[in-house]
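Asks: Residue numbers (my numbering): 362 to 494.
Below are the structure tokens for one structure; questions will follow.
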């Protein structure tokens, strides 16, 4: 019985702890659009991302957008390309106003050892990985 109590308590604590983190409250995706889930109902937002493929964004613990990317460009919270944040992927040329991007998705992961550092992961169109910091 004691073991069951510890497991249930641990699961409750983990679930409660995850709800407190707001790092995924704002989603950006192609066609210059996105959603802000910090409002109820979620609201439409505009973004600089014009890609038609994978995208990712990350917020601070309070749910404020830090930056987002399509795997080729990284934009800040003001929707401006960040320094050294363009041409990362090199996944093809811009065709019809739509830049090359990450066809298999993008992931942004906080560094476990540095709260001011993030890793951007994406897979190129023809395989292979890119790991810019």
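Heads up, the beta-carbon is just placed ideally off N, CA and C, and yes, glycines get one too.
#1: Pick from 429, 475, 478: whose alpha carbon is nearest that of residue 385?
#2: Counting C-beta neighbours from all protein chains within 10 Å, is the total for residue 439 16 or more, i.e. buried, or is it exposed?
#3: Whole angstroms are fine: how far does the CA of residue 469 sit from the CA of residue 409?
#4: In chain order, what residues of the same chain lie with their CB nearer than 6 Å to the CB of residue 482, ignoring the 5 residues before and after it?
#5: Among 395, 411, 399, which one has its Cα closest to the Cα of residue 422?
#6: Is residue 472 buried or exposed, if buried means 16 or more other CB atoms sit within 10 Å of its CB?
Replies: Quick answer:
#1: Restricting attention to 429, 475, 478, the CA atom closest to the CA of residue 385 is found in 429.
#2: exposed
#3: 17 Å
#4: 468
#5: 399
#6: exposed
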